[in-house]
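Chains E and L supply the protein sequences, listed in that same order.
Start counting the first sequence at 607; every next residue gets the next number (the working numbering).
Start counting the second sequence at 501; every next residue gets the next number (the working numbering).
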Amino acid sequence: MTTTQTTPAAEAAPPSTSVSTVEPAPGRGEPAPSGHSHERNPGTPLELGWLRNVQVNRSAVERRCATLTTRRSVKKTWQAGWLLRAISVIDLTTLAGDDTAGRVRRLCAKARNPVRADLLAALGVEGLDLKVGAVCVYHRYVAEAVAALRGSGIPVAAVSTGFPAGLSPFDLRLAEIRASVADGAEEIDIVITREHALTQDWAALYDEVRAFREACGDAHLKAILATGELGTLRNVYRASLVCMMAGADFVKTSTGKEKENAVLPVGLTMVRSIRDYLERTGHRVGFKPAGGISTAKDALAWLILMKEELGPAWLEPELFRFGASSLLGDIERQLEHHVTGRYSASFRHPKA
Amino acid sequence: MSSVLEAFETMTYGPAPESADSAHAWLEGHGRSFGLYVGDGWRPPATGETFETHDPATTEVLSTIAQGGGDDVDAAVAAARAAQPEWWGLGPHGRARHLYAIARQIQKQSRFFAVLESLDNGKPIRETRDIDIPLVARHFYHHAGWAQLMEKELPGYGPVGVVGQVIPWNFPLLMLAWKVAPALATGNTVVLKPAEYTSLTALAFAEMCRRVGLPPGVLNIVTGDGRTGELLVRHPDVDKVAFTGSTEVGRAIRAATAGSGKKLSLELGGKSPFIVFDDADLDSAVEGVVDAIWFNQGQVCCAGSRLLVQEGVEQQVIAKLRARMETLRVGSPLDKSVDLGAIVAPVQLERISTLVDQGKAEGTTCWQPSWACPTEGWFYPPTLFTGVEPASTLAQVEIFGPVLVSMTFRTPEEAVALANDTRYGLAASVWTENVNLALDVAPQLAAGVVWVNCTNVFDAAAGFGGYRESGYGREGGIEGLWEYVVADWQRDLPEAAATSAPRAADSGPGGFDLPAIDRTAKMYVGGKQSRPDGGYSYPVLGPQGGIVGEAGLGNRKDLRNAVEAARKAAKWSRTTGHLRAQILYYVAENLSARSSELEARLAAMTGSSAEAAAQEVATSVDRLFTWAAWADKYDGRVHGTPMRNVTLAMPEPWGILAVVCPEEAPLLAFVSLVAPAVAMGNRVVAVPSGRWPLAATDLYQVFDTSYVPGGVINIFTGDPGELAPTLARHDGVAAMWFFGDRDGGAAVERESVGNLKATWTSQGKARDWYDPRQGEGQEFLRRGTQIKNIWVPYGE
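In C-alpha cells form, the structure reads like this:
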C-alpha cells in the first residue's frame, strides 16, 4: 500500500444556486429574480441607511484572503483550462503616454490571437475561438481599435472622464464619454471623484455616476473606484455600493496609477458589496480588478475568489474582467509549460 | 471534448493531491510496525500487544502500534528520571540549543510531518501544512528562548522533575509541542503518551529528536490506549501530569492523582460561544464561523460550537451561513482543495451521528448542504442546527464534530448570560465593530481565551487554557511555564502536623470573682455575624488545656450560606485595584489599633510569649500592607504574538475562592492567605485555624470598621478536616486553597472533581509564615487569579 486513494472532493453546488438561496434581507429591495439574467443593472435610488450600516473588518478580510488560495488549488489539466478562461476575461490594455496608432493595432492583433495556434492545438482547444474580453485604450485610440477589431466580436473599452485623476471639468468628462461612444466604444471605464468618497458625500458621487451612466447610453459603464486612494475598506465598500446604486455595470478597483493596485482584500470587499447588492436588489454587477495583476498565479487567485464568493456566472466576461497588460504573456508561458513540460521564455510568444 | 476544454467550460477544481510518498516510505522503513521510544531507542512492548492505526479517509491500516504496559511505563519513567539531573545540569544555553535544533529540524521536515499527520488523523493537508506544523516549530523556537532565559526570568525556580503527559488525537504533534517544549525548556524530562488513534507523528518526532542529538531519556514516547495513560498518570515516580483531552478523563486523572503531590494541569473540553453582534462585519463573521467549527472537522476543544446571533440580524446571518456551507468541500484530506477531511475514528463518527439524531428528535431544525460526502472513509458533513434553546441537549453537550448550534440574544447582557450558561469555559469569540462593546464583553466571558473578530488563532507566546470545567493551567507564554517549575525553597519543607479536631474539655468549676462577660465568636457571613446553623459550639483550648473561648461549629449549611453570600458580593470582582488597596490598608490600620487585644488573644490561645504574639500581629500588619500594595500592581501583559493584533493577558480573579487555613500562626497565616485572595478581587470563604480560630473571628469588627463590603470575606469556624471536603464539593466555588495536613489536602483534591475547581494545597508541608518567600511571594497572586488571553486584531 504505497498510493493513497484520493476521494474526489465534493464539488460545490453551482453557485448560481447558492446565491439564489440567499434570502434578501426583509424589507429591503426587491427579491432576486430566479434564473439567469443578463439585463443591465438599472440602479436604485441612493440608500444612505444601507451605506451607514456597512461594516468591513480589515483583519478578518485579510485572513480570508490569505486562505483563499491555500484552501483551493488548481493543477495540471484544470490549471490549463482555468488559464484559458483567464485569457477570455482579460481587458487587454494599453494606457501609456507614448501610445500610438501602431501600438494599438499591435495590441488588437494580439487580442484576436492571444495564444499561438500550435499551443491551442496541443491543448485540444483549437475550436475554442479564444479571444480576450476587450481591448482597453484611451479615447484617442478608440476608433483605431474599433477598426482593428472589426468582425472579431471583441469590444473596445475606453478609459474616460479625465482618467486617471478624474478632475477635469464635469462637462468635459461627459463629453469625453459621448465622444468615445460615438467612436464605437462599447464599454466606458469611468473614474470617480475620490473627494466625494473621502468626504462621505455619497449624494455627489451618486449624481456623478448617474450622469456618466446616462452619457454612456447603450455602452456599459465600468466605475473605477481607485481604491488605493480611498483610505479604508469601509470606504471602498460604500463607494462600490453607491456606484451600483447609480447604475454601474461593473465596479473596477484601480486605474493602475495609484500607489496600491488591485489586491485581494480590496477585491473581496468589492465582491461582497456586489453580493450584497444582488441579494437586496436582484441586479447583477460585474467586477474588474485592474493594475498589478501580472502572473498566471495571480489570475488563478482572482478566479478562485470569484468562484468561491460569487459563483460561476462571475467567471464569464459578462461579469468579470481582468484589467491587465502583461498578464497574458505570463499565461502564455505557463500554457507552453503545460504542453511541453519545459519552462518557456517570453520571446517564444508574439508580443502584444 | 478535450479535458482542457472541459476544465475551461466547467471551471471545476479537479483533484490536487498532495503526495503521501514520503510518509509511506517512512512507514515502510519501519516495516509498518513501531515499538516504544524509551531511553536511547526503540523497544518492543513488554505486553507483546499491538494495535492498528488507520487512515480515516480510506480506513486502510497504516501501521501497528505498541500497547505500552506497566513494565514499559516503568522503564520510560526510569529513563526519564535517570536523564533529568544531567538535562537540568546542561544549563539554560545547552537546553536552548537542543530546543532550537528541534525547531529547525521540524521546519526542515515540515512537509513530511504535515503529510504524516494528515494521513493518520484525517485532517486536511492545508491545516497540517499551514497551521499545525508551523505552530509546532514556533512553539519550540519560543521555548528555546525560555530555556535560554529561565535562570534570569524565573530566579529561584527549578524543574519539577519527571513529567507524564497524555495528549489527544485532534492536534497530535501540536499538542505534543505544547507539552514537550515548556517541559524540556524548564529542565524536566518527559514521558509522553500520544492518543492511540494518532501515534505516528509522536514516534517520528522522537526519531527526529534522536537525530538532532537530544540525549537519551530526555523524551520518551509510550504508545497505547487509555490503560497506558492511566499507568503513566498513576506512576509514583512521576512528579507532574499534564493532560489534554475530555473533561471526563480529566476528572478521573484528578481523582487518581489526589494526594500524590503531583502537579497537575488539565486542558479539557469546551462548548465555546461565538457571539455575533448586529454591528459586526457579517460576511467576515460567517468566515469566522467556518474557522470556528469547520476547522479540523470541528474536532477542536475550543471550537466555536454555539453561535449566538443578535436577533435583528439572525435571518441574514443564517442565510449567509447556509450559502457559505454550500461552497465548503469535504473530501480526501490530502487533496489541497478540501475544507474538511475525515473524522478520526468510527467511534467519533458514531458519537456525532447519535447527537445529531438526538438534536433532531428534540425538534430543532437541522440543515446540511445539498452536496453529499464521500461514502468511503469516515466523513461527516458540516451541519447547522437552528431554533436551538439553551435547554436543548445540543446546546450543552460537547459534540466534537462539524456541528454548529445557533440561538439568538437581544442585548449584550443577554449575550454574556447565554455565553456563560455552560459548565465549560475554554474560549469565546466576539464579533463587533464597536471597540467599547468588545472590551466590555470580553472580560465578562468565563473563558480562558477570548478572540475579538477572529477565532481559533494560537501562538506560543500566548497562554491557552480554560476556566471552569475546561481545566486549569495554561500552555504557552510565561503563564504556561509555571506549570513546569517549582520554587527551590519548596523542595525541603517539613511535614505539617496532623490537623487537630475540636475536643471536649473541662476547665473546672468557676469561682466567686466577678466573671468576664461571655464573648461569643460566631460565623461571619455576608458582613453579618450569625450563629452556627447547627446550634453547636466547640471549646477553644489554651496551652494548658483550659477553655479560652468557644467557636461556632460550622456545618454544611453554614458553608452553603457563606458561599451564597460570596456569590452576591460579585461586585467586588469588578472593583478597581486602587479601591481594594485602600480597603486593605484600612484593615491594616484598624488591626494595628487593636494590636494589644490580638496579642493577648494569641498568647492566651497558643501560649506563645508576649514577644512572639507581638511579632505575629506586627507581621500581619506588615503583610496586609504587602497585599494592599499588590492590589493595583499585579498587571497583565501584552504578549508579542506574530500577528497584527494585541494579545492581552489579563489576570482575573477566580470569583469565589475557598481558603482553609493551617493550624499554626492563626492570625498571620489567615492574613497571608485571605488578603492576597481579596486583593486580587476574589470573594473569600475562609475556614480559620481549627484549633485557634479566635484570632480570625476577632477580625470581624476590624473588617466592619474598614468598610470591607459584606460577603467579600466570609468566615466560618469548625473542624477543617470536615469542612474542607464539603467546600471542595461545592460546585459554586471556583478555586480552593488548603493549608494543612496531607490527608486533608488529598481529600480536597479528590473532592474537587465535581466542578474541577482549581486547587492549591500545601501537599502536607508546613510553611514558615514569617519567611517572606513562603508567606508573601507572587505565588499567592498567581494562585489567586487565572489568566485570560484576549486577542484583538486591529487595522482599518
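Note that CB positions come from ideal geometry on N, CA and C, so glycine has one too.
What you are looking at is a predicted structure, and each value in this text was computed from that prediction instead of being measured.
So residue i is in the beta strand (DSSP E); what residue range does that whole segment cover?
i	result
Trp1154/L	Trp1154/L -> no beta strand (DSSP E), and no H or E assigned at all.
Leu808/L	804–810
Glu767/L	763–767
Trp951/L	949–952
Does chain E have any CB closer than 9 Å to the CB of residue i?
i	result
Ala704/L	no
Tyr1294/L	yes
Ser784/L	yes
Phe613/L	no
Asp779/L	yes
Leu505/L	yes
Asp574/L	no
Cys866/L	no
Ala1234/L	no
Gly713/L	no
Phe534/L	no
Is the beta carbon of residue i less than 9 Å from the beta carbon of residue j?
i	j	result
Leu1123/L	Val1184/L	According to the sequence displayed, residue 1123/L carries Arg and not Leu. No. Outside cutoff.
Gly541/L	Glu767/L	no
Leu828/L	Pro624/L	no
Gly687/E	Thr1147/L	no
Tyr843/E	Thr799/E	no
Leu635/L	Ala677/L	yes
Ser765/L	Ala742/L	yes
Among the options, which residue has its Cα nearest to the Cα of residue i?
i	options	result
Val765/E	Asn663/E, Ala717/E, Ser860/E, Tyr883/E	Ser860/E
Leu616/L	Thr701/L, Leu674/L, Asp574/L	Thr701/L
Pro959/E	Thr699/E, Lys863/E, Leu831/E, Gly917/E	Coverage of chain E is limited to positions 607 through 958, which leaves residue 959/E absent and any answer about it impossible.
Thr1020/L	Ala997/L, Ser1096/L, Gly1026/L, Tyr1036/L	Tyr1036/L
Phe776/E	Glu801/E, Ala817/E, Tyr883/E	Ala817/E
Ser929/L	Asn936/L, Val1040/L, Ala681/L, Gly948/L	Gly948/L
Thr932/L	Pro912/L, Asn953/L, Thr922/L	Asn953/L
Pro1176/L	Val1187/L, Ala1165/L, Pro1153/L	Pro1153/L
Gly1221/L	Ser503/L, Val1208/L, Trp1260/L, Val1160/L	Val1160/L
Pro1151/L	Glu748/L, Arg1144/L, Val1138/L, Ala1093/L	Val1138/L
His889/E	Pro956/E, Arg756/E, Leu925/E	Leu925/E
Ala1114/L	Glu1097/L, Trp1130/L, Trp1127/L	Glu1097/L
Arg751/L	Gly1264/L, Asp988/L, Lys1257/L, Leu1281/L	Lys1257/L
Val1178/L	Ser1189/L, Trp1072/L, Ala1088/L, Ala1224/L	Trp1072/L
Cys671/E	Glu787/L, Glu914/L, Pro912/L	Glu787/L
Please compile the residues from chain C whose C-beta is within a distance smaller than 7 Å of the C-beta of residue i.
i	result
Arg678/E	Looking at the structure shown, chain C is missing, and the protein chains on hand are E and L.
Span of the alpha helix (DSSP H) holding residue i?
i	result
Ser610/L	610–621
Trp656/E	654–658
If we define contact as Cβ-Cβ less than 9 Å, is residue i a contact residue for chain L?
i	result
Ser950/E	no
Asn663/E	yes
Lys913/E	yes
His943/E	no
Ala702/E	no
Gly635/E	The pLDDT assigned to Gly635/E is 35, lower than 50, so where the model puts this residue is not dependable, and the model offers no usable value.
Leu811/E	no
Gln685/E	yes
Leu909/E	yes
Inset, instruction - Identify every run of the beta strand (DSSP E) within the region 838–919 of chain L, keeping only runs that are complete inside it and at least 3 residues long; order them along the chain. - result: Listed in chain order, the complete beta strand (DSSP E) runs (minimum 3 residues) inside the region 838–919 of chain L are 865–867, 883–886, 903–909.
Legend entry - Those runs of the beta strand (DSSP E) which lie wholly inside the region 1157–1202 of chain L and span at least 3 residues: The region 1157–1202 of chain L contains these whole beta strand (DSSP E) runs: 1183–1187.
Inset, instruction - Let me know the alpha helix (DSSP H) ranges lying completely inside the region 1207–1290 of chain L, each 4 residues or longer, listed in chain order. - result: Entirely contained in the region 1207–1290 of chain L, the alpha helix (DSSP H) runs reaching 4 residues are, in chain order, 1220–1229, 1242–1251, 1272–1275, 1279–1283.
Inset, instruction - Could you tell me which uninterrupted alpha helix (DSSP H) segments, each at least 4 residues in length, are contained entirely in the region 960–990 of chain L, listed from first to last along the chain? - result: Restricting attention to alpha helix (DSSP H) runs no shorter than 4 residues, the region 960–990 of chain L encloses them at 977–981, ordered along the chain.
Legend entry - Contiguous alpha helix (DSSP H) assignments of at least 4 residues, all confined to the region 695–751 of chain E: Taking only runs of at least 4 residues, the alpha helix (DSSP H) segments lying wholly in the region 695–751 of chain E are 707–718, 723–729.
Inset, instruction - Report the residue ranges of all beta strand (DSSP E) runs contained in full by the region 1007–1052 of chain L; include only those spanning at least 3 residues, in chain order. - result: Those beta strand (DSSP E) runs which fall completely within the region 1007–1052 of chain L and span 3+ residues are 1023–1025, 1028–1030, 1037–1041, 1047–1052.
Inset, instruction - Scan the region 529–616 of chain L and note each continuous alpha helix (DSSP H) run of 4 residues or more that stays entirely inside, going in chain order. - result: Runs of alpha helix (DSSP H) with 4 or more residues, each lying fully within the region 529–616 of chain L, are found at 570–589, 591–608, listed in chain order.
Inset, instruction - Taking only runs that begin and end inside the region 867–942 of chain E, name each unbroken beta strand (DSSP E) of 3 or more residues, in chain order. - result: Entirely contained in the region 867–942 of chain E, the beta strand (DSSP E) runs reaching 3 residues are, in chain order, 892–894, 928–930.
Legend entry - Entirely enclosed beta strand (DSSP E) segments - the region 638–708 of chain L, minimum 3 residues: Qualifying beta strand (DSSP E) stretches, in chain order: 657–659, 662–666, 689–693.
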